[in-house]
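Residue numbers (my numbering), protein chains in the order written: chain A, 4 to 348; chain B, 4 to 348.
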């Protein structure tokens, strides 16, 4: 491996400077991506290993980030479970057979990842080959709650009304769904590791809608199952719960080698709360990339100062990069992180 | 005043049981409201004192809450500033002349509340007359940031991209806008108090999108101006910042006699963080009203236990009530709060 910074930071080892990558770094803000996207529907891109590999590599070449993250959609493994998924034009994902009852849960299949999402594993292999040790490759999955939210709501949601109703009205159905999803996530991520992923991230993008008590009862045991299931894979696991600053201690309890932190909390406070025996990842407001470069630089320095050169900080955004982000600002960000975190001596 | 619970709790005095009211309690989940709404456009309801007064009183009669809150929209005072506002069908508010520059800010007028939003003051007077001392009436306003967010974005937003860009690219324009808005909010709320409002709430509904550093620099001084400006009015001021658990200490610094708390944080932790020398209001997940009554009751008891009969807790939701909420569950909630918080002896 030519660039070990990211993996060393995951293990809380000393680094020459702070590693940086960006959630959703392979995406619409890059011309190179849009050129491919203009020729292929989104799901086709996900399911064609050559295309997925190509867009995965674009930000590595262009931005100088310290890790690649696989281009994929978090909902892909649901198809093998029996979920009828469509990406409607400009409307995000639509699930035509949402899960409404225990009977619906019972019908869901556990996936065989190499068969059901084999194209993802092919993409992982292709990317590893192309990267040739340049930077490590991160695989990823949605967390059980976030996957369940799409399945139960039938798509995105503002209120998560249907999910919460299932938790409170039919907790047995809810837990059965989460158990199946947790097992699917473990199988999916283990397969990615077998294919060559050198770290994995679990995204709990929408779990911030829950009170701490509901997270503890309805989510934590299932996220813990995922984290336990990945312990012997020999790769670092990043656990990111978005808009969940008040859940950080519980997220930590669920597990993970690295805890992702969004921008709504100061990084030093977040790290103190999760404990220094775990690495942290974050936490620039993604919209800050629209600020003038000197403001970006000031915000980078503030976050680095809060990390205080303690081993185990991976720089990232506090959520995925916005589609209209100026690429030159992203490059400036990556440079600023490296420059201002360079360890002397 | 026949029911002093709410005002006593605002002042952290002993009460016979915990007072409860609900954000957006006058609204679409009530048949009585929908009957009026079916006959009048939303803005007409806001601007017709008799209609506004009628829907303000509906939840007082139906639910047994301990306070009325004026029916109004937070954007009403913007029209007098020169903002061209429309409530598009099913799309929320649209502002046809969004604020994009310092020149746009310079063109904004400060309002004379009794003239520009006189219909609100008329509604306040009507409600006070009708209530006849049954329960107190709460007036309200959007906070400067939340009002600015609509003005700058041109409507609702997910990313608050335009607001943040203005903060970082044109801080002088941003602060000039916030200064004008803070003065408008003070004038608007003072006029409501003169008309008869016995408490006021300042809603910072969207400020949770900001990092603590950005809140401290771009919002706090202006929210503080509002709180300082209301200090001598002799009525309690409730300061509610939504999805802002990590900003609670800063919200407290800005001021307010009562700090509103959303459901993403446990109430005992929130109260410890803002300090026991201030009252708190909250914090049931509004979606919990869809749960079976026994689950609602359990959640009520948990929140009351966290408040621990300490004087100065006002029970409320952690955000506005959802439009599809079953009314009988809302009534059960109000009863459960009163029943389980009854002080003995």
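For each residue, glycine too, the CB sits at the ideal point set by N, CA and C. Nothing here was measured: the structure is a model prediction, and the numbers come from that model.
If you compare alpha carbons, which of the options is closest to residue i?
{"i": "residue 37(A)", "options": "24(A), 23(A), 58(A)", "result": "58(A)"}
{"i": "residue 340(A)", "options": "286(A), 293(A), 324(A)", "result": "286(A)"}
{"i": "residue 138(A)", "options": "50(A), 60(A), 319(A), 269(A)", "result": "60(A)"}
{"i": "residue 162(B)", "options": "295(A), 13(A), 289(A)", "result": "289(A)"}
{"i": "residue 10(B)", "options": "121(B), 238(B), 197(B), 32(B)", "result": "238(B)"}
{"i": "residue 262(A)", "options": "235(A), 203(A), 130(A)", "result": "203(A)"}
{"i": "residue 171(A)", "options": "216(B), 6(B), 294(B)", "result": "294(B)"}
{"i": "residue 4(A)", "options": "232(A), 335(A), 70(A), 181(A)", "result": "70(A)"}
{"i": "residue 169(A)", "options": "52(A), 148(A), 189(A)", "result": "148(A)"}
{"i": "residue 252(A)", "options": "80(A), 229(A), 216(A)", "result": "216(A)"}
{"i": "residue 160(B)", "options": "314(B), 189(B), 208(B)", "result": "208(B)"}
{"i": "residue 249(B)", "options": "260(B), 259(B), 269(B)", "result": "269(B)"}
{"i": "residue 328(B)", "options": "15(B), 6(B), 31(B)", "result": "31(B)"}
{"i": "residue 50(B)", "options": "79(B), 63(B), 13(B)", "result": "79(B)"}
{"i": "residue 227(A)", "options": "212(A), 214(A), 213(A), 255(A)", "result": "255(A)"}
{"i": "residue 179(A)", "options": "224(A), 131(A), 333(A)", "result": "224(A)"}
{"i": "residue 347(A)", "options": "68(A), 191(A), 20(A)", "result": "20(A)"}
{"i": "residue 130(A)", "options": "66(A), 68(A), 198(A), 65(A)", "result": "198(A)"}
{"i": "residue 282(B)", "options": "272(B), 260(B), 273(B), 63(B)", "result": "260(B)"}
{"i": "residue 212(B)", "options": "184(B), 142(B), 167(B)", "result": "167(B)"}
Can you grab the Cα-Cα spacing for the pair residue i / residue j, in whole Å?
{"i": "residue 194(A)", "j": "residue 75(A)", "result": "14 Å"}
{"i": "residue 331(A)", "j": "residue 18(A)", "result": "26 Å"}
{"i": "residue 95(A)", "j": "residue 200(A)", "result": "27 Å"}
{"i": "residue 175(A)", "j": "residue 105(A)", "result": "8 Å"}
{"i": "residue 266(B)", "j": "residue 87(B)", "result": "34 Å"}
{"i": "residue 309(A)", "j": "residue 325(A)", "result": "24 Å"}
{"i": "residue 125(A)", "j": "residue 275(A)", "result": "40 Å"}
{"i": "residue 108(A)", "j": "residue 120(B)", "result": "53 Å"}
{"i": "residue 236(A)", "j": "residue 196(A)", "result": "7 Å"}
{"i": "residue 317(A)", "j": "residue 240(B)", "result": "42 Å"}
{"i": "residue 115(B)", "j": "residue 150(B)", "result": "17 Å"}
{"i": "residue 73(A)", "j": "residue 165(B)", "result": "30 Å"}
{"i": "residue 52(B)", "j": "residue 303(B)", "result": "35 Å"}
{"i": "residue 297(B)", "j": "residue 336(B)", "result": "10 Å"}
{"i": "residue 154(B)", "j": "residue 181(B)", "result": "11 Å"}
{"i": "residue 42(A)", "j": "residue 98(A)", "result": "24 Å"}
{"i": "residue 55(A)", "j": "residue 15(B)", "result": "60 Å"}
{"i": "residue 315(A)", "j": "residue 26(A)", "result": "18 Å"}
When we look at the beta-carbon of residue i and count the other beta-carbons within 10 Å, is it buried (16 or more) or exposed?
{"i": "residue 28(A)", "result": "buried"}
{"i": "residue 100(B)", "result": "exposed"}
{"i": "residue 319(A)", "result": "buried"}
{"i": "residue 144(A)", "result": "buried"}
{"i": "residue 111(B)", "result": "buried"}
{"i": "residue 91(A)", "result": "exposed"}
{"i": "residue 156(B)", "result": "buried"}
{"i": "residue 279(B)", "result": "exposed"}
{"i": "residue 313(B)", "result": "exposed"}
{"i": "residue 245(B)", "result": "buried"}
{"i": "residue 3(B)", "result": "The structure shown does not extend to residue 3(B), since chain B spans only 4 to 348, so no value can be given for it."}
{"i": "residue 243(B)", "result": "buried"}
{"i": "residue 44(B)", "result": "exposed"}
{"i": "residue 234(B)", "result": "exposed"}
{"i": "residue 136(A)", "result": "exposed"}
Output, in chain order, the set of chain B residues within a Cβ distance shorter than 8 Å of residue i.
{"i": "residue 163(A)", "result": "290"}
Could you list which residues in chain A have their beta carbon closer than 9 Å to that of residue i, in chain order?
{"i": "residue 97(B)", "result": "Neighbours of residue 97(B) on chain A: none; closest Cβ ~19 Å, over 9 Å."}
{"i": "residue 207(B)", "result": "Under the 9 Å cutoff, chain A gives no residues; its nearest Cβ is about 14 Å from residue 207(B)."}
Quick one: which chain A residues come within Cβ less than 8 Å of residue i?
{"i": "residue 215(B)", "result": "267, 268, 269"}
{"i": "residue 325(B)", "result": "162, 164"}
In chain B, which residues lie with their C-beta within 9 Å of the C-beta of residue i?
{"i": "residue 167(A)", "result": "288, 290, 291, 293, 294"}
{"i": "residue 211(A)", "result": "246, 267"}
Using a Cβ cut-off of 7 Å, pull out every chain B residue sitting near residue i, in sequence order please.
{"i": "residue 298(A)", "result": "171"}
Using a Cβ cut-off of 7 Å, pull out every chain A residue sitting near residue i, in sequence order please.
{"i": "residue 249(B)", "result": "248, 267, 268"}
{"i": "residue 305(B)", "result": "216"}
Quick one: does the C-beta of residue i sit closer than 7 Å to a heavy atom of the ligand MN?
{"i": "residue 329(B)", "result": "Of ligands this structure carries none, so the ligand MN is not represented either."}
For this session: Please specify which runs of the beta strand (DSSP E), each continuous and at least 3 residues long, are wholly inside the stretch 254-331 of chain A, giving them in chain order.
Result: 261-263, 282-287, 316-320
For this session: Quick one: which unbroken beta strand (DSSP E) runs of 3-plus residues sit fully inside the stretch 123-181 of chain B? Chain order, please.
Result: 140-145
For this session: Write down every uninterrupted run of the beta strand (DSSP E) in the stretch 89-114 of chain B whose length is 3 residues or greater and which is fully enclosed by it, in chain order.
Result: 95-98
For this session: Tell me the start and end of each unbroken beta strand (DSSP E) in the stretch 179-212 of chain B that is at least 3 residues and wholly inside, in chain order.
Result: 202-207
Exercise. Which residue spans inside the stretch 220-260 of chain A form an unbroken beta strand (DSSP E) run of at least 3?
Worked result: 240-244
Exercise. Residue ranges of each beta strand (DSSP E) run of no fewer than 3 residues wholly in the stretch 22-103 of chain B, ordered along the chain?
Worked result: 88-91, 95-98
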